[in-house]
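To start, the structure itself, in structure tokens.
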Amino acid sequence: MNQHTPAAGLHCAGLIGYCRAGFEKELAAELDDFAADAGLIGHLRAEPNTGFALFETFEPTPLGAFGQATDWRRATFARQLLPWFGRIDELPERDRASPIVAAVKACGQRFSGVVLETPDTDEAKQRSGFCKRFTEPLTKALEKAGCLRTSRTGLPVLHVVFTDATTAWLAAGQPGQCAPWPMGIPRLRMPSNAPSRSTMKLAEAFMTLLDDGERDTILRAGQRAVDLGAAPGGWTWQLVGRGLRVTAIDNGPLRDSVMATEMVEHLKADGFTWRPHRPVDWMVCDMVEQPSRIASLVAEWVATGRCRYTVFNLKLPMKRRVEAVEQCRELIRKRLASVGPYDLRIKHLYHDREEVTAFLTLKR
Numbered sequence: 014m015n016q017h018t019p020a021a022g023l024h025c026a027g028l029i030g031y032c033r034a035g036f037e038k039e040l041a042a043e044l045d046d047f048a049a050d051a052g053l054i055g056h057l058r059a060e061p062n063t064g065f066a067l068f069e070t071f072e073p074t075p076l077g078a079f080g081q082a083t084d085w086r087r088a089t090f091a092r093q094l095l096p097w098f099g100r101i102d103e104l105p106e107r108d109r110a111s112p113i114v115a116a117v118k119a120c121g122q123r124f125s126g127v128v129l130e131t132p133d134t135d136e137a138k139q140r141s142g143f144c145k146r147f148t149e150p151l152t153k154a155l156e157k158a159g160c161l162r163t164s165r166t167g168l169p170v171l172h173v174v175f176t177d178a179t180t181a182w183l184a185a186g187q188p189g190q191c192a193p194w195p196m197g198i199p200r201l202r203m204p205s206n207a208p209s210r211s212t213m214k215l216a217e218a219f220m221t222l223l224d225d226g227e228r229d230t231i232l233r234a235g236q237r238a239v240d241l242g243a244a245p246g247g248w249t250w251q252l253v254g255r256g257l258r259v260t261a262i263d264n265g266p267l268r269d270s271v272m273a274t275e276m277v278e279h280l281k282a283d284g285f286t287w288r289p290h291r292p293v294d295w296m297v298c299d300m301v302e303q304p305s306r307i308a309s310l311v312a313e314w315v316a317t318g319r320c321r322y323t324v325f326n327l328k329l330p331m332k333r334r335v336e337a338v339e340q341c342r343e344l345i346r347k348r349l350a351s352v353g354p355y356d357l358r359i360k361h362l363y364h365d366r367e368e369v370t371a372f373l374t375l376k377r
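Per my numbering, the very first residue in the sequence shown carries number 14; after that it's consecutive.
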């Protein structure tokens with residue numbers, strides 16, 4: 014019943030990543046690249062609309078050999094990225110805990126905690142209630158078996174991923190390398206007075222693309238920001254809520270709730286041709302346009318010092334998504350090559366659909 018479960022020490026059988034359903038091919042390509050960077054040899058497993066993909070090594074591999082291959086922040090399409098070490102098939106309905114505990118005990122690794130997850134698909138979401146109910150009894154069973162050391166936060170976190178009702182994958186989330194949210198999805202609540210749901214996208218971008226220290230130091234009240242393509246005001250509203258004063262650029266109207274904050278100057282202009290009179294701290298951009306054109310625009314803003322930091326959205330084609338992202342990376346690289354080193358982070362957020370969201374700044 015147990016497959017790929019090592020006998021001693023934590024040896025892993027590959028990488029598992031979670032993604033939006035329909036993006037398994039892009040995630041698989043990413044897993045393949047990360048595995049190659051780590052010198053891992055194996056094969057990919059990805060099925061359409063399952064919400065996850067796997068890289069399976071030909072031989073069990075020590076956890077430490079995965080290195081940066083499991084750092085979710087380096088990934089674009091992976092919401093979560095984990096070394097997996099066990100798979101349990103045909104879980105009995107009346108006692109799922111016993112085979113899971115046995116497999117974890119056999120792996121030779123203790124964990125600081127346990128997280129139960131499913132892929133983000135309509136079918137898998139039906140098991141979310143079960144995961145909530147099962148977390149406490151499984152935790153107690155693992156503690157009783159000596160598998161958990163909750164006081165030792167430097168240990169990996171055990172992830173139990175139920176890909177269907179009778180199959181569980183066991184994975185190890187390494188501290189500082191895995192996404193801190195179950196399923197890799199930040200839990201955000203839509204504010205009742207927000208002008209549009211797009212505000213959730215920028216809120217998630219700040220949570221995902223910036224770390225805690227950066228949110229405190231480079232995203233501060235009193236800063237000045239520009240929002241290109243601002244209407245109806247979702248991203249502007251998010252910035253104002255954080256205390257930034259915003260110049261909103263759009264020929265379309267902003268919602269009254271945005272203008273009522275008295276922290277917004279609305280200019281009816283073209284986001285591609287408008288320029289600020291003086292440099293600003295932040296520029297954000299969610300214009301619906303070819304991704305290459307947006308990449309060139311934001312690179313120009315950063316290269317010329319019009320802004321210090323930018324968060325922007327790239328609308329992807331239905332096909333050749335990876336190639337579109339890489340083309341944008343290359344456009345930015347070429348423009349900034351003569352300017353200096355830079356930091357570019359690109360992520361397919363939970364609130365993104367056929368698009369990705371990115372952060373760009375020069376390294377200082």
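Idealized CB from N, CA, C, for every residue including glycine.
From Thr83, Leu53, Glu60 and Trp85, residue whose alpha carbon lies closest to that of Phe71: Of the listed residues, the one whose Cα sits closest to Phe71 is Leu53.
I need the DSSP call for Met296, collapsed to helix, strand or coil. It is a strand residue.
By DSSP, does Ile345 sit in helix, in strand, or in coil? In this structure, Ile345 counts as helix in the three-state DSSP scheme.
Cβ-Cβ separation, His172 to Glu130 (assumed contact under 8 Å), whole Å: 6 Å
Please tell me whether Thr323 and Val301 are closer than 8 Å, where the distance is taken between their beta carbons. no
Out of Pro199, Pro169, Ala192 and Met213, which has the shortest C-alpha to C-alpha gap to Cys120? Pro169
Would you call the region 231 to 248 in contact with the region 198 to 214, where contact means no fewer than 3 C-beta pairs closer than 8 Å? yes
Going by beta-carbon coordinates alone, are Pro292 and Arg319 separated by less than 8 Å? Against a cut-off of 8 Å, the Cβ pair of Arg319 and Pro292 comes out as a contact.
Judging by CA-CA distance, which residue of Trp314, Val277, Leu76 and Glu275 is the nearest neighbour of Gly284? Trp314
Within the 8 Å Cβ cut-off, does Ala243 reach chain B? Reference to chain B is not applicable here, since this structure consists of a single protein chain.
Option nearest Gln190 by Cα separation, candidates Val335, Arg86 and Ile307: Gln190 has its Cα closest to that of Arg86, out of Val335, Arg86 and Ile307.
For Trp182, report the span of its alpha helix (DSSP H) as first-last. That residue, Trp182, is in no alpha helix (DSSP H); its beta strand (DSSP E) goes Thr180 to Gly186.
Check whether the region 91 to 100 touches the region 27 to 42, counting contact only when three or more Cβ pairs, one atom from each stretch, lie closer than 8 Å. Under the three-pair Cβ rule at 8 Å, the region 91 to 100 counts as touching the region 27 to 42.
Using the three-state DSSP reduction, which class does Arg140 fall into: helix, strand or coil? DSSP places Arg140 in coil when its eight states are reduced to three.
Starting from Leu222, follow the alpha helix (DSSP H) in both directions and report where the run begins and ends. Ser211 to Leu222
I need the straight-line Cα distance from Thr166 to Ala49, nearest angstrom please. 29 Å
Go through the region 36 to 70 residue by residue and report every complete run of the alpha helix (DSSP H) that reaches 4 residues or more, in order. 37 to 50
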